[in-house]
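Below is one structure, written out as structure tokens; the observations come after it.
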Amino acid sequence: MPKWEQVDLVDNGHQRWPYFFDMKYNRAFYENLKKYNMVDEGEEIVVGCSGGADSMFLLYNLFLLKEELKLKIKVCHVNHGIRETAKRDQEFVKKIAEELNLEFYTINVNMDDFAKENKMSSEEAGRFLRYKFFRQFNSKIFTAHNKDDQAETILYRIIRGTGLAGLQSIEYVNGDLYRPMLNISRKEIEAYLLENNIEHIEDETNSMTIYTRNKLRLELIPYIEENLNSNFKDALLRLQDLSQKQNSYFQKIIDLYFEENLDGDVLNIANLKDEDDYLISLIVREYFIRLDLIEGIGKAQIENIVELVKQDSATITVHKSIFEISQGYLFQRREAVEIDDILKIGENKTELGTFVVESGIKKGKNSIQIDATKIKGQLKVRNKRNGDKFTPIGMKGSKKLKDFFIDERIPKYKRDSVALIVDDEEIIWVAPYRMNEKYKIEKETEKIVSISLEV
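Using full-length UniProt numbering, you'd call the opening residue of the sequence shown number 1 and step up by one each time.
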């Protein structure tokens with residue numbers, strides 16, 4: 001347990017805190033650090049710092065723990081290249097880092113150019129570039145998102161159009177991102193800085209209404225608070241909390257479905273056809289999330305895939321990847337790789353399974369016995385080829401392997417990985433389904449070979 005977690009914050013009725021920080025606001029900050037286990041003794045952490053009020057609040061409060069926890073703090077600043085005062089901000093943060101004897105790292109980027117090149121908004125481009133820079137250090141990343149940011153994010157997503165997933169709150173801990181200020185308001189932050197004479201800079205872009213988020217913060221939210229609901233931000237956060245609970249409930253259902261129906265990247269969707277479209281859409285979305293392909297898939301495409309799920313067969317293109325729906329399965333189509341391995345006496349580990357070849361009769365669940373004198377040339381294991389055919393045991397004529405797969409209800413996604421035991425001329429065994437009539441043991445058979453598939 002970190003030392004600071006063991007410190008009693010009350011001493012004779014008075015809070016006992018490190019030097020120059022206000023008790024009320026920092027109590028929430030430090031309680032969040034403790035509650036969400038955000039920092040451990042001796043850790044290296046990255047603090048994203050613009051020099052604005054929020055990030056200075058974050059930086060100073062973490063700095064207060066530096067000696068106690070032996071933290072190695074890296075102050076990171078991104079110059080987005082969109083303001084005349086950007087260089088001033090960069091120098092300001094550098095100065096503060098030097099005064100606090102902290103490591104300082106900075107990078108210059110052109111947010112607007114990157115946005116145009118990658119067809120995204122300026123806000124999205126800025127966020128992408130910031131986190132790309134922060135993640136170079138392979139450390140926990142602390143950012144200054146606060147209570148007001150949460151409310152603005154919810155409203156922004158509602159205006160753009162979102163479902164339950166989009167109304168989820170910014171998380172205190174999300175992977176390598178740590179946000180210890182989510183229950184602290186902007187007013188509290190500004191009051192804290194004023195009371196403790198902590199310097200910060202004003203970002204003039206925060207007052208520019210050309211950015212959607214600024215319009216919400218400066219115009220729409222104040223109008224609603226003044227004319228419609230003075231507690232509008234709290235109402236948004238309540239909506240967020242309710243949505244998160246509902247989403248959590250649905251996620252449990254989805255996780256259970258995937259646990260029972262997902263095999264690698266193959267999803268059994270046979271029992272989805274009669275389900276509600278909304279549930280199908282959640283499962284489809286989760287499928288592409290798990291394949292790391294959800295980026296760029298919009299509501300319209302999800303709805304289209306939902307309709308295709310109800311069909312017996314369909315082809316879907318997602319980010320240049322082709323998916324198929326066939327025989328109740330959704331799976332990604334891949335180029336078949338030809339596999340062709342020689343089998344020798346003993347154990348043979350191959351990409352299509354482990355096969356044991358032995359002399360004599362060795363009966364088992366997944367094994368065959370064949371007349372060794374009928375083997376022409378080399379014994380091998382391979383996967384299917386165009387035009388394959390064989391004579392299933394019990395039949396007189398040959399049958400196309402493709403038709404055999406259909407009759408045996410072997411799903412398309414499995415067919416490229418079905419092992420075929422062959423010699424130089426024919427398929428001996430479609431393992432573990434059926435052997436070839438021509439290779440069965442006869443009364444006059446003198447030499448027998450057993451082939452087993454280990455499962």
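Every residue, glycine too, gets a C-beta built ideally from N, C-alpha and C.
The DSSP-derived three-state label of E425 is coil. Judged by DSSP secondary structure, Q240 falls within the alpha helix (DSSP H) whose first and last residues are F232 to N261. Fully contained in the region 45-116 are the following beta strand (DSSP E) runs of length 3 or more, in chain order: 72-79 and 103-108.
In this structure, DSSP gives Y329 an extended state, which the three-state scheme calls strand. One Cα belongs to G52, the other to L155, and the distance between them is close to 23 Å. Within the same chain, K299 come within 8 Å of G161 by CB-CB distance, once the 5 residues on both sides are set aside. Per the coordinates, the alpha-carbon of V93 lies some 11 Å from the alpha-carbon of L102. Judged by their CB atoms, V109 and H80 are nearer to each other than the 8 Å cut-off.
Straight across, the Cα-Cα distance linking L64 with Q90 is about 22 Å. Taking C-beta separations shorter than 8 Å and ignoring five residues to either side along the sequence, the partners of A235 in its chain run N229, following chain order.
Inter-residue distance for Q332 and K380 is about 28 Å (C-alpha atoms, whole angstroms). At a Cβ-Cβ threshold of 8 Å, Y329 and V430 do not count as neighbours.
The Cβ atoms of E303 and S321 do not sit closer than 8 Å to each other. Runs of alpha helix (DSSP H) with 4 or more residues, each lying fully within the region 375-425, are found at 401-407 and 412-415, listed in chain order. Taking the Cα positions, Q240 is about 55 Å away from L401. When beta bridges are read from the DSSP output, G163 appears opposite no residue.
In the structure shown, I201 adopts coil according to DSSP, grouped into three states. In the structure shown, Y36 falls within a coil segment according to DSSP collapsed to helix, strand and coil.
Sorting I451, A151 and I294 by C-alpha distance to the C-alpha of N231 places A151 at the top. For N268, the uninterrupted beta strand (DSSP E) run begins and ends at V266 to N268, by DSSP. Comparing alpha carbon positions, the residue from E260, K95 and N214 closest to H200 is K95. By the Cβ test, the region 179-196 is not in contact with the region 258-272, since fewer than three Cβ pairs between them sit closer than 8 Å. In its chain, beyond the 5 residues on either side, N79 and H80 have a beta carbon closer than 8 Å to the beta carbon of A86. With fewer than 16 other CB atoms across the displayed protein chains lying within 10 angstroms of its CB, Y223 is exposed.
D371 sits close to T445, with the two beta carbons spaced by under 8 Å. Looking at the backbone, the Cα of S417 and that of F405 are separated by about 12 Å. Following the DSSP letters along the chain, one finds E351 in no alpha helix (DSSP H), marked with neither H nor E. Taking all protein chains shown into account, S248 has fewer than 16 neighbouring C-beta atoms within 10 Å of its C-beta and is therefore exposed. When DSSP states are grouped into helix, strand and coil, Q168 belongs to the coil group.
Under a 10 Å Cβ-count criterion, L194 is classified as exposed, with fewer than 16 other Cβ atoms of the shown protein chains found around its own Cβ.
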